[in-house]
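Every position in the sequence shown, counted from 1, becomes a number in this note's numbering once 9 is added.
Beta carbons are placed, not taken as given, at the ideal position from N, Cα and C, and that holds for glycine.
Here the structure is a predicted model, which means the values were calculated and not measured.
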Amino acid sequence: MGLKAMFAKRFIFGNVLLLIFTYSSSAQSADDFQNKLQPIFASHCVKCHGGEKVKGKINLKEIASAAQFLAKPKLIKEIIDVLDAGDMPPEGESQLNPTDQEELLASLRAMLLTSSSGKTIKHNPPRRLNRFQYNNTVRDLFQLNRDVFALSEKLLTRETIYLNAPTMPKRVNARSLALNPTGGMREVKPFPQDLRASHGFDNQADQLTLSPLLLDAFFRLSISIVESPDFNENSVGIWENFFKAPAEGVDIPTETQKRIANFLRLAFRGPVALSTIDRYTNYAIKKLEGGMRYNETMKKIASAVLSSPLFLYHYNPNESKLRPFAIASNLSFFLWGSSPDTKLLELADNGELVKPEILEKTIRRMLTDPRIERFLDSFPSQWMQLENILAATPDPKLHRYFSLDKQHPASLQMLIEPLLLFDAIFVENRPISELIMPNFSYRSDFLNDWYASDLKPKKIDRNKIKEENKPIQVERGIAELEIQKAKASLEEYIESIPAIIDKTAKSLDLSPGQASWEANQLTQLANNVALSPWQRIGPFGEENLKKAHERAFINETVVDLKKNHGNLKWKIAESLRDGKQHQLNGANCSTYLFRTIHSSIEQERELSIGSDDSFKIWLNGKLIANKYITRGLAPDQDKIKVRLAKGKNKLLFKVSNGGGGYGFYFKTEAIPLPSEVVTAVQVKPTKRTEKQKSILAAYYRTFASELSPIRQKIAATQSQLEKRLNQTQSALNKLPKPRHPDNVQSEMNRQFDDVMRGKVRSNEFVRVETKNPRYGGVITSAAILSMNNGTRRTHPIARGAWMIEVIFNDPPPPPPNDVPPLNEDAFEDHLTIREKFAKHRENPDCAGCHSRLDPLGFALENFDIPGRWRDKYPNGRNVNSRGVLLRKYPFNNVVEFKQSISKENKRFAKAFASHLLRFALSRELSPRDMFTIDKIVDQTKGDNFRLKSLITEVIKSDSFLRKSENIE
Numbered sequence: 010m011g012l013k014a015m016f017a018k019r020f021i022f023g024n025v026l027l028l029i030f031t032y033s034s035s036a037q038s039a040d041d042f043q044n045k046l047q048p049i050f051a052s053h054c055v056k057c058h059g060g061e062k063v064k065g066k067i068n069l070k071e072i073a074s075a076a077q078f079l080a081k082p083k084l085i086k087e088i089i090d091v092l093d094a095g096d097m098p099p100e101g102e103s104q105l106n107p108t109d110q111e112e113l114l115a116s117l118r119a120m121l122l123t124s125s126s127g128k129t130i131k132h133n134p135p136r137r138l139n140r141f142q143y144n145n146t147v148r149d150l151f152q153l154n155r156d157v158f159a160l161s162e163k164l165l166t167r168e169t170i171y172l173n174a175p176t177m178p179k180r181v182n183a184r185s186l187a188l189n190p191t192g193g194m195r196e197v198k199p200f201p202q203d204l205r206a207s208h209g210f211d212n213q214a215d216q217l218t219l220s221p222l223l224l225d226a227f228f229r230l231s232i233s234i235v236e237s238p239d240f241n242e243n244s245v246g247i248w249e250n251f252f253k254a255p256a257e258g259v260d261i262p263t264e265t266q267k268r269i270a271n272f273l274r275l276a277f278r279g280p281v282a283l284s285t286i287d288r289y290t291n292y293a294i295k296k297l298e299g300g301m302r303y304n305e306t307m308k309k310i311a312s313a314v315l316s317s318p319l320f321l322y323h324y325n326p327n328e329s330k331l332r333p334f335a336i337a338s339n340l341s342f343f344l345w346g347s348s349p350d351t352k353l354l355e356l357a358d359n360g361e362l363v364k365p366e367i368l369e370k371t372i373r374r375m376l377t378d379p380r381i382e383r384f385l386d387s388f389p390s391q392w393m394q395l396e397n398i399l400a401a402t403p404d405p406k407l408h409r410y411f412s413l414d415k416q417h418p419a420s421l422q423m424l425i426e427p428l429l430l431f432d433a434i435f436v437e438n439r440p441i442s443e444l445i446m447p448n449f450s451y452r453s454d455f456l457n458d459w460y461a462s463d464l465k466p467k468k469i470d471r472n473k474i475k476e477e478n479k480p481i482q483v484e485r486g487i488a489e490l491e492i493q494k495a496k497a498s499l500e501e502y503i504e505s506i507p508a509i510i511d512k513t514a515k516s517l518d519l520s521p522g523q524a525s526w527e528a529n530q531l532t533q534l535a536n537n538v539a540l541s542p543w544q545r546i547g548p549f550g551e552e553n554l555k556k557a558h559e560r561a562f563i564n565e566t567v568v569d570l571k572k573n574h575g576n577l578k579w580k581i582a583e584s585l586r587d588g589k590q591h592q593l594n595g596a597n598c599s600t601y602l603f604r605t606i607h608s609s610i611e612q613e614r615e616l617s618i619g620s621d622d623s624f625k626i627w628l629n630g631k632l633i634a635n636k637y638i639t640r641g642l643a644p645d646q647d648k649i650k651v652r653l654a655k656g657k658n659k660l661l662f663k664v665s666n667g668g669g670g671y672g673f674y675f676k677t678e679a680i681p682l683p684s685e686v687v688t689a690v691q692v693k694p695t696k697r698t699e700k701q702k703s704i705l706a707a708y709y710r711t712f713a714s715e716l717s718p719i720r721q722k723i724a725a726t727q728s729q730l731e732k733r734l735n736q737t738q739s740a741l742n743k744l745p746k747p748r749h750p751d752n753v754q755s756e757m758n759r760q761f762d763d764v765m766r767g768k769v770r771s772n773e774f775v776r777v778e779t780k781n782p783r784y785g786g787v788i789t790s791a792a793i794l795s796m797n798n799g800t801r802r803t804h805p806i807a808r809g810a811w812m813i814e815v816i817f818n819d820p821p822p823p824p825p826n827d828v829p830p831l832n833e834d835a836f837e838d839h840l841t842i843r844e845k846f847a848k849h850r851e852n853p854d855c856a857g858c859h860s861r862l863d864p865l866g867f868a869l870e871n872f873d874i875p876g877r878w879r880d881k882y883p884n885g886r887n888v889n890s891r892g893v894l895l896r897k898y899p900f901n902n903v904v905e906f907k908q909s910i911s912k913e914n915k916r917f918a919k920a921f922a923s924h925l926l927r928f929a930l931s932r933e934l935s936p937r938d939m940f941t942i943d944k945i946v947d948q949t950k951g952d953n954f955r956l957k958s959l960i961t962e963v964i965k966s967d968s969f970l971r972k973s974e975n976i977e
């Protein structure tokens, strides 16, 4: 028999079997519908789902026959789900006995199988790469040593290597950079973060659209990558084999075609048509012949490839020979978030990948490859919807330590805990039930305090401090009295100094020395200079010091003292005495000082200058000094020699400042005599008035050498008295000061805040035993508890919705549009949240969902807004967390609640497997996928639902391998 005939025979036989199965199943389904379903519908369901007002999405009035029922596989799936979860019939209605419920579920599952068999096959639509996948794929394709762009999607940065270890280390270093992501290549223009599907995954085909704007963004991105300064031989692993020009003597067209063919196979994730290879090759050869350098040409090729739909999209081809490549691609994007590597493509090319033993071996290889980190960077955080914690904003007045450090909010520590738990369960291949009630957790010092301490600084003992202050105050009082005595002695002696000097002076003849000094001064005055008072204008503002120093705000060579400059005009500054430091005002500005110097002869003099910051000096219109500098003011910083002309000389002094202090210092070789002394000394002794005689005598007495011995004695005595004062002051300074209780408490608070800031910035997490079962696991982690709340109160309904969606994969429908939200202001303050919602649940349209959500959310009410334990509400009422899980597990507290969930281990495994399969398939699950999930759960039950076993069975499933393409 020929192959064609044999194939035809098998095809006919297979279809006959399908027809027989469908017919017999349909017949059985018709009997089940008539004999089992219709009576149960009539007695338990029609009241709500077939009366005048139909509740929910199920309308049994539309279903009168088995054929109509079998035409609605989604409806059958929904009925199975609500019955299996115990949600229907609702409370208050007659319930099914367990035997009837099991028979009903078995019949419904059989009907679902019949309903979804033989449907028109729909292939999964093409799926665009999301940002995370794009980054990873480009990084792997070019073997880059860094990310293409910063990834805010990556919530956990692992600083300890452990993913390929048999067990997690006790201590790991990890941090979250999600609020300030780092890395990436310079000048790369990433496209926006992708939308999340309703369940939180960002890889869903129906969300990954490609608008014209996004297509343009991809084009610009591809160019910016290859043109980035970071895209070079040091960062690109394939530079040598792809971008670098071939060695001399190598046939360029042949080598270029070979390189492009290998590159396209990896980029397009499978076989590439020769016509496509030729098109890229011909473009490259044309550019090379036009004179473009080889590496620039290949950059053009690479950029074009990154913009191709064959790169940007996953495809599930119809051709059977290409199915292994689709499996390789789906497998790689599921576990590695990237394109398949060479090994995967080789297995697909030779048909080995579809063999069960090879597939198992491949899965094991991929689970131990470092790239598995990307699965752990995407699935856990998206499954738990942890990105929402970044938007959590508890009222800082109520929970100040959540946002004590604005750059490092507590949320960044919190989200690491459940992610490290997931890592540990993956690395050690633990049962997924430990996500609910593990016996360990990874916590930082901050989280240990968050869960176990009151987060309050130690309260001081005010009475104790007051008692401690008493002896200190007595001792300091004695020391202060000694200071007062020493100060009084010093002041008394200083007051007596003039009298001591006068008494000594009267006993001496000072006239010879004074006459000699007067004669010497007359000689000096003959050659002296006369300095006019300073005139000042400014400050003139500029952008900075340099511009202020360089700009001429006035005519600097010919000074006109009568000219105004805007609101500024020249003013005489009598207080600016020579030989002293003078402060000016302003920043990034300049001030001008002008004076005349009258010299009796032509002579050379030295000017001593100080400035903060820069200065310039003009003498008689000529620039003689120019110093651009930034410095503080001090005397005698610069010495400048000048030659004065006989008669009047004009001096202009410009001082410029940047910021901070601002001032100048100026003196000639000697500080000039006071004017009254100069006047008196120039009068002949015989013609001086008594006042002039007194002025000269008093001035000479201030430095007379004849009085040096008594001045030295006075100085020694004064020094001893000052030393005594300093010693008493030093003794007081060494004594402890009395502490004010408020200051002590403030310092205690500050130190506590500093400690907490240090802890919230820590990156060390330690594996600790979960001694208190109320903590541990994802449900009661601070991250999950904090993100499902408002700013001022807990939201048990939001927490319950998260539980039912994430843990049980049974999300509730949105609330009816005509039901108003809970108006808390309408209730009295003494009511608890549960009591307020009791009024809300009286609405029959709300009761159904609340009966499912409330037990889950209120079970967590002992945890406040940021996930810390409480026994009472702020109004003093006790927290009531009692409830019943799935209408069959009563619990009194959160520990019993988590234990109840653990009893439903298979239900949680089924929900988790559903999430995992949905993430792996990148699409919503169909009713038909329910059988795949049931098989995954059955296959992993014996292994206690270990994480890697679940991942493996998802990959081996019909849905993943596309053995059944039915996605109705």
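Whole angstroms is fine: what's the gap from residue i's alpha carbon to residue j's?
i    : j    : result
P418 : E551 : 42 Å
K636 : G575 : 27 Å
I680 : G588 : For I680, the predicted model reports a pLDDT of 49, less than 50, meaning its position is unreliable; a value from the coordinates is still stated below. Cα-Cα distance, rounded: 7 Å.
D967 : D149 : 29 Å
N325 : L153 : 28 Å
I606 : I626 : 14 Å
G767 : S161 : 24 Å
R652 : D569 : 23 Å
T166 : K296 : 42 Å
N658 : S541 : 10 Å
R614 : N597 : 32 Å
Buried or exposed, going by whether 16 or more other CB atoms sit within 10 Å of the CB of residue i?
i    : result
T695 : exposed
N798 : buried
N871 : buried
R843 : buried
T422 : The displayed chain sequence assigns Gln, not Thr, to residue 422. Classification of Q422: buried, given that the 10 Å Cβ count is 16 or more.
H408 : buried
T961 : buried
H558 : buried
K915 : exposed
P644 : exposed
Q590 : exposed
Taking the Cβ atom as the reference point for each residue, do residue i and residue j lie within a distance shorter than 7 Å?
i    : j    : result
L430 : L395 : no
I441 : M796 : no
R3   : W345 : The structure shown does not extend to residue 3, since the chain spans only 10 to 977, so no value can be given for it.
V753 : I469 : yes
Y460 : Y784 : yes
I723 : I503 : no
T737 : I474 : no
S624 : V664 : Sequence check: residue 624 is Phe here, not Ser. Taking 7 Å as the Cβ cut-off, F624 and V664 qualify as a contacting pair.
E773 : N189 : no
From the DSSP output, which residues share a beta bridge with residue i?
i    : result
V893 : P899
P440 : R955
D647 : I618
L540 : I606
Q592 : G672
Could you say if the region 302-312 and the region 355-370 meet the contact criterion of at least three C-beta pairs nearer than 8 Å?
no
Do the region 773-789 and the region 898-908 meet, that is, are 3 or more Cβ pairs less than 8 Å apart?
The region 773-789 vs the region 898-908: in contact.
Cβ pair count under 8 Å reaching 3, the region 191-201 against the region 215-234
yes
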